[in-house]
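Visitor: So that we are looking at the same thing, I have put the structure below in structure tokens.
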Amino acid sequence: MSYSVEAENLVKRFGKTTAVDNISFKIRKGEFFCIIGPSGCGKTTTLRLVAGLIRPDAGKIYINGEDVTNVPTHKRPLSMVFQTWALFPHMTVYENVEFGLRMRNVPESERRNATKWALGLVKMEEYANRKPRELSGGQQQRVAIARALVVRPEILLLDEPLGNLDFKLQLRLQEELKQIHRVTGVTFLYVTHDQRQAMALGDTIMVMNMGVIEQLGSPLELYSNPSSVFVAKFVGESNIVEGYVKAVEGGRTYVETQLGIFQLQDGSVKTGDRVWVFWRPESTLIGNESDKADIKLMGEVLDVTTAGSVTNYKVSVGGAVLKATVKGLPLDGIEIGSKIPLGCKNSSLKLISKVSSSGLVDVERIILGE
Numbered sequence: 324m325s326y327s328v329e330a331e332n333l334v335k336r337f338g339k340t341t342a343v344d345n346i347s348f349k350i351r352k353g354e355f356f357c358i359i360g361p362s363g364c365g366k367t368t369t370l371r372l373v374a375g376l377i378r379p380d381a382g383k384i385y386i387n388g389e390d391v392t393n394v395p396t397h398k399r400p401l402s403m404v405f406q407t408w409a410l411f412p413h414m415t416v417y418e419n420v421e422f423g424l425r426m427r428n429v430p431e432s433e434r435r436n437a438t439k440w441a442l443g444l445v446k447m448e449e450y451a452n453r454k455p456r457e458l459s460g461g462q463q464q465r466v467a468i469a470r471a472l473v474v475r476p477e478i479l480l481l482d483e484p485l486g487n488l489d490f491k492l493q494l495r496l497q498e499e500l501k502q503i504h505r506v507t508g509v510t511f512l513y514v515t516h517d518q519r520q521a522m523a524l525g526d527t528i529m530v531m532n533m534g535v536i537e538q539l540g541s542p543l544e545l546y547s548n549p550s551s552v553f554v555a556k557f558v559g560e561s562n563i564v565e566g567y568v569k570a571v572e573g574g575r576t577y578v579e580t581q582l583g584i585f586q587l588q589d590g591s592v593k594t595g596d597r598v599w600v601f602w603r604p605e606s607t608l609i610g611n612e613s614d615k616a617d618i619k620l621m622g623e624v625l626d627v628t629t630a631g632s633v634t635n636y637k638v639s640v641g642g643a644v645l646k647a648t649v650k651g652l653p654l655d656g657i658e659i660g661s662k663i664p665l666g667c668k669n670s671s672l673k674l675i676s677k678v679s680s681s682g683l684v685d686v687e688r689i690i691l692g693e
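What follows is the structure, encoded as structure tokens:
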């Protein structure tokens with residue numbers, strides 16, 4: 324398999340703080356690779372290491388199989404797009420996009436063709452003669468993307484590129500980025516704290532926390548089979564109940580929790596181990612649907628929220644708060660304060676055997692940035 328980027332045992336320290344702690348990963352050619360994590364997790368530092376803006380204290384970086392650990396940024400086959408657009412205010416859109424080609428002494432005819440191509444790619448041809456101050460935030464970001472792509476990089480690095488835009492515009496530009504990626508075939512390395520963006524865009528997602536890699540996999544793998552409590556909580560909504568393994572028999576694990584005994588088809592742990600039972604809110608069955616559940620519970624509704632085509636419930640059960648997501652409008656007879664049956668099927672349960680790869684204890688504090 325051919326890789327655009329390979330990182331081996333990267334370490335980066337700033338004073339006494341280790342920002343990146345011995346991480347390794349590979350990015351396939353043409354892949355849309357996302358790095359996500361909370362503030363201060365090391366994701367932007369990792370991107371800056373790949374870019375050559377900073378040097379690692381240990382480890383190697385390879386681009387297209389070549390060791391570029393000590394190669395300066397301008398000699399690496401890549402471009403960058405930042406959260407702040409950094410367009411030249413005195414230049415037109417056309418001149419901003421053309422600038423990188425001019426600095427490379429590209430002939431005028433080639434510059435003209437390449438600039439028109441890049442502006443067409445981001446649908447900004449009709450704004451070519453405008454100044455940045457005459458553009459909206461989304462338009463300025465499109466110009467920044469065109470400027471990065473006009474030099475035909477092999478790798479495009481994007482650091483929180485949608486962070487300054489409102490939610491609807493973020494969604495629109497997400498679709499445009501996916502289209503640009505498909506058309507160009509360029510390898511994208513995309514850094515964001517917003518797991519929703521990564522889940523929508525990424526072929527592969529790397530979850531970081533406290534300088535280490537928590538998990539690396541496809542969006543579906545991260546959502547369905549999180550490797551730690553941290554990943555389960557950071558990627559999407561989750562129900563997590565702590566317990567201890569009561570028995571392991573015939574490939575089945577019996578976990579004792581405050582809500583009772585859960586049964587899972589997982590023989591990877593042993594009796595007495597501390598574990599967490601995990602399932603997603605859409606797997607919680609409430610009201611009449613709970614008749615189909617293997618695990619049957621009773622609880623009191625704490626909150627009901629309609630979010631477009633789904634309704635979200637929070638239910639207090641035995642000292643725990645469980646979440647349920649149901650398609651459609653709120654169910655009749657289920658409102659705040661209602662006592663309702665709920666549960667889940669054994670097949671929807673997953674077993675998690677660690678809090679995180681970084682050794683942290685307070686997952687909520689890290690995720691919320693407190």
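Residues in the sequence shown are numbered consecutively from 324, following the numbering used here.
C-beta: ideal position from N, C-alpha, C; glycine also.
Which same chain residues, not among the five before or five after Glu693, have their C-beta less than 6 Å away from its C-beta?
Guide: Confidence is the limiting factor: at Glu693 the pLDDT is only 43, short of 50, which leaves the residue's position unreliable and the question unanswerable from this model.
Visitor: Whole angstroms is fine: what's the gap from Ser613's alpha carbon to Thr580's?
Guide: 20 Å
Visitor: Would you mind giving the Cβ-Cβ distance between Tyr520 and Gln497, rounded to the nearest angstrom? I have them listed as a contact below 8 Å.
Guide: The residue you asked about is not Tyr; residue 520 is Gln in the sequence shown. The Cβ separation is near 6 Å, so the contact holds.
Visitor: In chain order, which continuous runs of the beta strand (DSSP E) of length 3 or greater are located wholly inside the region 460–511?
Guide: 478–482
Visitor: Throw me the rounded Cβ distance for the Glu448 and Arg434 pair, which I believe falls under 8 Å.
Guide: Not confirmed; about 15 Å, so no contact.
Visitor: From the DSSP secondary-structure annotation, give me the bridge partner or partners of Leu444.
Guide: Answer is none; Leu444 lacks a bridge partner.
Visitor: Compute the Euclidean distance between the alpha carbons of Ile618 and Leu485, then round it to the nearest angstrom.
Guide: 42 Å
Visitor: May I ask you to report which of helix, strand or coil DSSP gives Glu693?
Guide: In this prediction, Glu693 scores a pLDDT of 43, lower than 50, which makes its location untrustworthy; the coordinate-derived value is nonetheless stated afterwards. Three-state DSSP puts Glu693 in coil, outside helix and strand.
Visitor: When you compare each of Val564, Ser632, Asp655 to Gly641 by their alpha carbons, which one comes out closest?
Guide: When each option's Cα is compared against that of Gly641, the closest is Val564.
Visitor: Thinking C-alpha only, which one of Val334, Cys667, Gly353 is nearest Tyr505?
Guide: Here residue 505 is Arg; the residue named in the question, Tyr, does not match the sequence. Arg505 has its Cα closest to that of Gly353, out of Val334, Cys667, Gly353.
Visitor: DSSP three-state label for Leu539, please.
Guide: strand
Visitor: Apart from the five residues on each side of it in sequence, which residues of its chain come closer than 6 Å, Cβ to Cβ, to Leu481?
Guide: Excluding residues within five positions, the ones whose Cβ falls inside 6 Å are Val404, Tyr513.
Visitor: Leu401 and Pro455 - do their beta-carbons sit closer together than 9 Å?
Guide: no
Visitor: Given a cut-off of 9 Å on the beta-carbon distance, is the pair Met272 and Gly338 in contact?
Guide: Since the displayed the chain opens at 324 and closes at 693, residue 272 lies outside it and no answer follows.
Visitor: In the DSSP assignment, what residue or residues form a beta bridge with Phe337?
Guide: BP columns for Phe337 point to Thr340.
Visitor: With the cut-off set at 9 Å, would you say Thr367 and Glu537 are in Cβ contact?
Guide: no
Visitor: Taking the continuous beta strand (DSSP E) assigned at Lys673, which residues delimit it?
Guide: 673–675
Visitor: Among Ser632, Ser661, Asp380, which has the Cα closest to the Cα of Thr340?
Guide: Asp380
Visitor: Which class does Met403 belong to by DSSP, given the choice of helix, strand or coil?
Guide: strand
Visitor: In or out: Asp390 buried (at least 16 other Cβ within 10 Å) or exposed?
Guide: exposed
Visitor: On a Cα-Cα basis, can you pick out the residue from Thr594, Val535, Val343, Gly583 that is closest to Arg575?
Guide: Thr594
Visitor: Mapping DSSP to helix, strand and coil, what is Met426?
Guide: helix
Visitor: How many Å lie between Ser606 and Lys501 at the Cα?
Guide: 30 Å
Visitor: Mind pulling the beta strand (DSSP E) runs of 3 or more residues that sit fully within the region 568–617?
Guide: 575–580, 583–587, 597–602
Visitor: May I ask you to list the residues that DSSP assigns as paired with Glu457?
Guide: Beta-bridge pairing links Glu457 to no other residue.
Visitor: Have a look at Gln586 and Ile358 and give me their C-alpha separation to the nearest angstrom.
Guide: 34 Å
Visitor: Give a yes or no on contact between the region 663–679 and the region 549–564, applying the rule of three or more CB pairs nearer than 8 Å.
Guide: The region 663–679 makes contact with the region 549–564, as at least three CB pairs between them are under 8 Å.
Visitor: What span of residues does the alpha helix (DSSP H) with Ala523 cover, start to end?
Guide: 518–524
Visitor: Going by Cα to Cα distance, which pick from Lys383, Ser327, Gln464, His397 is closest to Lys335?
Guide: It is Lys383 whose Cα lies nearest to the Cα of Lys335.
Visitor: Going by DSSP, name the residue or residues bridged to Pro653.
Guide: According to DSSP, Pro653 bridges with nothing at all.
Visitor: Rounded to a whole number of angstroms, what is the C-alpha to C-alpha distance between Lys637 and Arg427?
Guide: 58 Å
Visitor: Considering only residues of the same chain and omitting the five flanking positions on each side of Arg425, which have a CB-CB separation below 7 Å?
Guide: So the list reads Arg434, once near-sequence residues are dropped.
Visitor: Tell whether a beta-carbon distance below 9 Å holds between Leu524 and Phe348.
Guide: no
Visitor: Under three-state DSSP, which class holds Lys398?
Guide: helix
Visitor: Is any heavy atom of the ligand SAH found at a distance shorter than 8 Å from the C-beta of Val592?
Guide: Looking for the ligand SAH in the displayed structure turns up nothing, as the structure carries no ligands at all.
Visitor: Within this structure, are the beta carbons of Gln464 and Asn487 separated by less than 9 Å?
Guide: Contact flag set, yes.
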